[in-house]
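Trainee: What follows is a structure written as structure tokens; I'll ask about it next.
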Amino acid sequence: MPELPEVETTLRGLAPALIGKTVREVHIRQPKLRWPVPPELPALLNGQIIRRLHRRAKYLLIEFDRGTLILHLGMSGNLRIVSAATPLKKHDHFDLLLDNGTTMRLHDPRRFGAVLWHTGDAATHPLLAALGPEPLGDEFDGTTLYRATRNKTAAIKLVIMDQRIVVGVGNIYANEALFRAGIRPQLPAGKLSRPRCTALAGEIRATLTAAIAKGGSTLRDYVSSDGSPGYFQQEYWVYGRAGEACRRCGESVRLLRLGQRASFYCPHCQH
DNA sequence: CTTTGCACCTGTTGGC
DNA sequence: TGCCAACAGGTGCAAA
């Protein structure tokens with residue numbers, strides 16, 4: 008479920024509920040996530056104060072004095088703040104109990120998510136060290152994208168989803184940004200002109216920013232005992248609309264498969 | 001080194 | 001209604 012905007016929304020929802028709180032208990036109900044949840048987490052975290060929260064790509068980083076808890080929501084995960092009395096649901100794998108009686112609860116049916124620990128600077132963790140620039144940061148722009156795509160024959164959609172080129176662009180927003188930039192997903196990356204790279208980098212940024220803004224508007228419901236934590240349904244230009252009329256020109260939206268992922272485009276609006 | 005496809009899971013959907 | 005295959009928004013890693 009979570010693409011970068013959902014992770015960012017989760018971060019913003021969690022931060023005020025977590026920062027400054029002391030961990031009272033840690034419950035690992037299902038240690039078999041993408042990687043084993045470190046069994047020493049309770050000993051490491053009990054009594055520790057949550058200092059700061061960060062996001063790097065789609066990783067959520069919860070910083071303590073002695074290290075960083077690294078969380079990933081995978082394909083189906085979510086994190087919610089619930090009261091201590093909230094009954095457990097199936098796939099509630101991990102709880103962080105706080106000193107004010109609330110709990111941060113990880114729910115992840117498919118278990119592609121992760122709960123890891125790293126001592127010291129989180130940026131040095133093997134999973135984070137090789138990541139490319141943040142799409143919303145200053146280091147990603149048309150020039151970056153232009154340089155990164157030279158001599159690449161791979162489809163542009165695969166390239167913008169490559170975490171070494173730019174992080175956090177998942178399947179939905181890759182499709183949407185390419186539509187908005189007027190670029191077909193299967194176009195060999197190396198064939199993109201510099202102006203088209205500039206346009207695409209801008210649309211990646213704009214698409215993600217707009218989705219975060221949408222998510223932010225539902226944040227007031229974030230800390231609740233039931234219901235979905237502010238996941239937002241928005242209208243897509245092409246994603247999931249194979250065979251339907253293009254919202255811009257009416258042409259039938261096409262579906263193709265790139266790197267085993269469904270890819271959508273309008274043959275009239277994208278070239 | 002780069003590029004490709006698999007693997008990890010459960011839940012939902014659509015065709016027969 | 002039941003059954004089964006296909007697919008799902010992520011992404012690291014082994015294999016080529």
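Our numbering numbers the first residue of the first sequence as 8 and each following residue consecutively. We treat Cβ as the ideally placed atom computed from N, Cα and C, and that holds for glycine.
Quick check: the Cα distance between alanine 137 and arginine 191, rounded to an integer number of angstroms?
Mentor: Counted from its first residue, the first sequence places residue 137 at position 130. Counted from its first residue, the first sequence places residue 191 at position 184. In a straight line, the C-alpha of alanine 137 is about 28 Å away from that of arginine 191.
Trainee: CA-CA distance, leucine 25 and tryptophan 244?
Mentor: As a first step, residue 25 is located in the first sequence; it is residue number 18 there, counting from the start. As a first step, residue 244 is located in the first sequence; it is residue number 237 there, counting from the start. Roughly 36 Å between the two C-alpha positions.
Trainee: Note down, in chain order, each residue of its chain lying with its Cβ closer than 6 Å to the Cβ of phenylalanine 119, except the 5 sequence neighbours on either side.
Mentor: As a first step, residue 119 must be located in the first sequence, where it is residue number 112. Arg41, Gly81, Met82.
Trainee: Can the beta-carbon of leucine 76 be found less than 8 Å from the beta-carbon of arginine 31?
Mentor: Translated into the one-based positions of the first sequence, residue 76 becomes position 69. Translated into the one-based positions of the first sequence, residue 31 becomes position 24. Their beta carbons are not under 8 Å apart, which means leucine 76 does not touch arginine 31 by this criterion.
Trainee: Return the CA-CA distance between glycine 209 and leucine 48, expressed in angstroms with no decimal places.
Mentor: Sequence index remark: in the first sequence, residue 209 carries index 202 (1-based). Sequence index remark: in the first sequence, residue 48 carries index 41 (1-based). Going by the C-alpha atoms only, they are around 41 Å apart.
Trainee: When you compare each of Lys28, Phe186, Leu262 to glycine 247 by their alpha carbons, which one comes out closest?
Mentor: Locating residue 247 in the first sequence gives position 240, where the first residue counts as 1. Per the Cα distances, Leu262.
Trainee: Which value, in whole angstroms, describes the spacing of the CA atoms of proline 195 and glycine 74?
Mentor: Taking the first residue of the first sequence as 1, we reach residue 195 at position 188. Taking the first residue of the first sequence as 1, we reach residue 74 at position 67. Approximately 42 Å, taken between the alpha carbons.
Trainee: Would a C-beta distance cut-off of 8 Å place glycine 250 and proline 12 closer than the cut-off?
Mentor: Locating residue 250 in the first sequence gives position 243, where the first residue counts as 1. Locating residue 12 in the first sequence gives position 5, where the first residue counts as 1. Contact flag unset, no.
Trainee: Can you check which of these residues, Ala92, Arg19, Lys198, Met111, is closest to threonine 160 by C-alpha distance?
Mentor: Counting from one through the first sequence, the residue named residue 160 turns up at place 153. Nearest of Ala92, Arg19, Lys198, Met111 to threonine 160, Cα basis: Lys198.
Trainee: Alpha carbon to alpha carbon, how far is leucine 86 from aspartate 102? Give it in angstroms, no decimals.
Mentor: One-based indexing of the first sequence puts residue 102 at position 95. One-based indexing of the first sequence puts residue 86 at position 79. Computed Cα separation, rounded: 10 Å.
Trainee: Taking 8 Å as the cut-off, does the stretch 141 to 148 touch the stretch 112 to 129 (at least 3 CB pairs, one atom from each stretch)?
Mentor: The stretch 112 to 129 vs the stretch 141 to 148: no contact.
Trainee: Please state whether DSSP places alanine 162 in a helix, a strand or coil.
Mentor: On the first sequence, residue 162 is found 155 positions in, with the first residue counted as 1. Residue state, collapsed to three classes: strand.
Trainee: How about leucine 152 and threonine 216: do their beta carbons lie closer than 8 Å?
Mentor: One-based indexing of the first sequence puts residue 152 at position 145. One-based indexing of the first sequence puts residue 216 at position 209. Not a contact, by the Cβ cut-off of 8 Å.
Trainee: With a 10 Å radius around its C-beta and 16 neighbouring C-beta atoms as the bar for buried, classify asparagine 53 as buried or exposed.
Mentor: On the first sequence, position 46 is the one that residue 53 refers to. Per the 10 Å Cβ criterion, exposed.
Trainee: Take lysine 28 as the anchor and find which of Asp72, Lys164, Leu78 has the nearest alpha-carbon.
Mentor: As a working note, residue 28 is residue 21 in the first sequence. Residue Asp72 is the option with its Cα nearest to lysine 28.
Trainee: In angstroms with no decimal places, state the Cα-to-Cα distance between histidine 275 and leucine 67.
Mentor: As a position in the first sequence, residue 275 is number 268, starting the count at 1. As a position in the first sequence, residue 67 is number 60, starting the count at 1. Each residue's Cα considered, the two are about 39 Å apart.
Trainee: According to DSSP, simplified to helix, strand and coil, what is asparagine 53?
Mentor: The sequence position of residue 53 within the first sequence is 46, counting from 1. Coil.
Trainee: Please work out which residues of its chain come closer than 8 Å, Cβ to Cβ, to valine 166, disregarding the five sequence neighbours upstream and downstream, and give them in chain order.
Mentor: Counting from 1 along the first sequence, the entry for residue 166 is found at position 159. Taken in chain order, the residues that qualify are Ala155, Thr156, Lys159, Ile172, Ala196.
Trainee: So glycine 4 is in the beta strand (DSSP E); what residue range does that whole segment cover?
Mentor: Since the first and last residues shown for the chain are 8 and 278, residue 4 lies out of range.
Trainee: Run through DSSP, which three-state label would arginine 203 get?
Mentor: Locating residue 203 in the first sequence gives position 196, where the first residue counts as 1. It is helical.
Trainee: Consult DSSP for leucine 226 and reduce its assignment to one of helix, strand or coil.
Mentor: Locating residue 226 in the first sequence gives position 219, where the first residue counts as 1. With a pLDDT of 42 at leucine 226, under the threshold of 50, the predicted position of this residue should be treated as unreliable, though the coordinate-derived value follows. The answer is helix: DSSP assigns leucine 226 an H, G or I state.
Trainee: Tell me which residues share the same chain as serine 232 and place their Cβ nearer than 7 Å to its Cβ, disregarding the 5 neighbours each side in the sequence.
Mentor: Here residue 232 refers to the residue found at position 225 when the first sequence is read from its first residue. Any answer about serine 232 is weak, because its pLDDT of 32 lies below 50 and its placement is not dependable; what the coordinates show is given next. Taken in chain order, the residues that qualify are Val89, Ser90, Thr93.
Trainee: Are the CB atoms of leucine 51 and leucine 21 nearer to each other than 8 Å?
Mentor: Locating residue 51 in the first sequence gives position 44, where the first residue counts as 1. Locating residue 21 in the first sequence gives position 14, where the first residue counts as 1. Cβ distance not < 8 Å, so leucine 51 and leucine 21 don't count as in contact.
Trainee: Check phenylalanine 101 in the structure and name its three-state DSSP category.
Mentor: To locate residue 101, count along the first sequence from 1; it is residue 94. Phenylalanine 101 falls in the strand class under three-state DSSP.
Trainee: Can you tell me which of the three DSSP states leucine 67 falls into?
Mentor: Along the first sequence, read from residue 1 onward, the residue named residue 67 stands at position 60. In the structure shown, leucine 67 sits in a strand (DSSP, three-state: E or B).
Trainee: Please name the residue in Lys97, Gly266, Glu183 whose C-alpha comes closest to that of arginine 255.
Mentor: As a first step, residue 255 must be located in the first sequence, where it is residue number 248. Nearest C-alpha to arginine 255: Glu183.
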